[in-house]
Amino acid sequence: MADSGKRKSEVAGGDNESKEHGETHKVRKVVGNETGNDNGSASEFLLSGFETIAILRDSAREKNIFIHGKIADQETVVILEKTPIREESLPEIFKDSRLTLEMKNDIYSTYQLRPPPHLNEIKTTVVCPATEKHVKKYLRQETFLLEESGEDYLSITLPFIQSQSFSLQWVYNILEKKAEVERVVFEDPDPQLGFVLLPDFKWDQKQLDDLYLIAIVHRRDLRSLRDLTSEHLPLLGNIRTAGQEAIRKRYGVAADKLRVYLHYQPSYYHLHVHFTSLSYDAPGCGVERAHLLSDVIQNLEAQPRHYRARRLSFPVRADDGLLAKFREAGKA
Ligand code: M7G
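Residue numbers for the sequence shown follow the numbering used here, beginning at -9 and rising by one.
Shown next as structure tokens:
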């Protein structure tokens, strides 16, 4: 990310140009009203009364920390993440920062650098009110790989997700233009083949290195990969082609620089497709969870009911109720 050395132009800084495969594209300013329904100033001090209950997870390498706490008695999860250093900000960092010497030895010296506050932002995600499931999702835990047959899905997984899964309100808000309206990069409004493409909330859109968008389908009857048959090939083909084209136009990132995939299991059971930069090691892009859209399309072309019948593997956390259900059924 920050150290990839081949950074493209800044995405959010206005009308910048980016080059991909020799072509030059306008990278339009995409950051507007971040939430689509929040004026920003009201939330400025949202975290001033935050009370920490527990650190769910932290990583010195990823420079993030996941915290469980309370805001005015409401269960809350806060994620703080240091953002990559952008090439564009280097002149200002060098010119306006203060250095404190830590040590000097021969030709080597280390410093604490204090940049101007606006170059020292921390990307912050707040889930409030958070459910117990949110707290568990972010808690670092031992994981186990489950293998699920089509029958296991119908008899164990489906009843479980029907009773347990996360609310899809945020998805419906996007589809109904009640939230994140100004963040939408592309929309095909067709009720059967259409989808909305927008930045994933994990991406701050400040640099292309960690580009991350999601395509959310308009139809509401598809939960996950398991529901897909050859009947859905036109939908999947449309997401692939129109999604890649929209990303090429908006960000100047070509199709062969993108990793386009579905998660199994997803966290949110409304069909959506992840588009991430190929060079970005995105969370959840490992082979135990990510299914490339092009493979999904090919599998359905070869076998119309591939994903209804096949055994699918996926990781589950130690305290995931689904693991308990598989164990009760003697399947894990
Ligand atoms: P998933 O495969 O269901 O689960 O992906 P995961 O979260 O375990 O990866 C859902 C995707 O939607 C993730 O990449 C989330 O970061 C993203 N996402 C979740 N929420 C609640 C929002 C949101 O409110 N807005 C946007 N833009 N993205 C979200």
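Cβ coordinates follow ideal geometry from the N, Cα and C atoms, glycine included.
Check, Outcome
"Got a sec? Which residues, its chain only, sit under 7 angstroms from residue 296 by beta carbon, not counting five neighbours each side?", "289, 290"
"To the nearest angstrom, report how far apart residue 182 and residue 202 are at their CA atoms.", "24 angstroms"
"For the candidate residues 67, 72, 106, 62, whose alpha-carbon lies nearest to that of residue 79?", "106"
"Could you check whether residue 308 and residue 134 sit closer than 8 angstroms to each other, using their CB atoms as the reference points?", "yes"
"Look at the alpha carbon of residue 255 and the alpha carbon of residue 315, and state the distance between them as a whole number of angstroms.", "15 angstroms"
"Taking its Cβ as the centre, do 16 or more other Cβ atoms sit within 10 Å of residue 62, making it buried, or is it exposed?", "exposed"
"Nearest by alpha-carbon distance to residue 312: which of 155, 48, 251 is it?", "155"
"What is the rounded straight-line gap between the Cα of residue 212 and the Cα of residue 104?", "49 angstroms"
"Measure the beta-carbon distance from residue 245 to residue 229 and round it to whole angstroms, keeping in mind my assumption that it falls under 8 angstroms.", "The pair is not a contact, with the Cβ atoms about 12 angstroms apart (cut-off 8 angstroms)."
"With hydrogens ignored, establish whether the beta-carbon of residue 126 is closer than 7 angstroms to any heavy atom of the ligand M7G.", "no"
"Going straight from the alpha carbon of residue 132 to that of residue 292, what length do you get?", "36 angstroms"
"Please classify residue 91: is it buried, with 16 or more other beta-carbons within 10 angstroms of its beta-carbon, or exposed?", "exposed"
"Between which two residues does the alpha helix (DSSP H) containing residue 203 stretch?", "Per DSSP, residue 203 belongs to no alpha helix (DSSP H); it is in the beta strand (DSSP E), 202 to 207."
"What would DSSP say about residue 313, mapped onto helix, strand or coil?", "helix"
"Just list the residues that DSSP pairs residue 110 with in beta bridges.", "DSSP output for residue 110 lists no bridge partner at all."
"Whose CA, out of 112, 119, 258, 117, lies closest to the CA of residue 74?", "112"
"So within the region 188 to 260, which uninterrupted beta strand (DSSP E) runs reach at least 3 residues, ignoring any that extend past its ends?", "202 to 207, 248 to 253"
"Are the CB atoms of residue 282 and residue 251 within a distance shorter than 8 angstroms?", "yes"
"Is there at least one Cβ from chain D nearer than 8 angstroms to residue 314's Cβ?", "Judged by its chain identifiers, the structure shown contains no chain D, having just a single protein chain."
"Count the other C-beta atoms from every protein chain shown that fall within 10 angstroms of the C-beta of residue 16, then say buried if there are 16 or more, exposed otherwise.", "Interpretation of residue 16 is limited by its pLDDT of 33, a score under 50 that renders its predicted location unreliable; the figure taken from the coordinates is listed afterwards. Result: exposed."
"Pairs of beta-carbons, one from the region 257 to 267 and one from the region 226 to 241, closer than 8 angstroms: are there three or more?", "yes"
"Among the residues of its own chain, which have a CB less than 6 angstroms from the CB of residue 115, if the five just before and after it don't count?", "69"
"Per DSSP, what kind of secondary structure is residue 293 in: helix, strand or coil?", "coil"
"How would you write the range of the beta strand (DSSP E) that residue 71 sits in, first residue to last?", "64 to 72"
"Going along the chain, which residues of its own chain have a beta-carbon closer than 6 angstroms to the beta-carbon of residue 54, five neighbours each way excluded?", "71"
"Kindly indicate which three-state DSSP category residue 174 falls into: helix, strand or coil?", "coil"
"Please tell me whether residue 46 and residue 56 are closer than 8 angstroms, where the distance is taken between their beta carbons.", "yes"
"Going by beta-carbon coordinates alone, are residue 126 and residue 257 separated by less than 8 angstroms?", "no"
"Could you check if residue 191 belongs to the surroundings of the ligand M7G, using beta carbon to heavy atom distance under 7 angstroms?", "yes"
"Comparing the CB of residue 170 with every heavy atom of the ligand M7G, is any distance shorter than 7 angstroms?", "yes"
"Cβ of residue 174 within 8 angstroms of Cβ of residue 186?", "yes"
"What do you get for residue 320, buried or exposed, if any count of 16 or more other CB atoms within 10 angstroms of its CB means buried?", "exposed"
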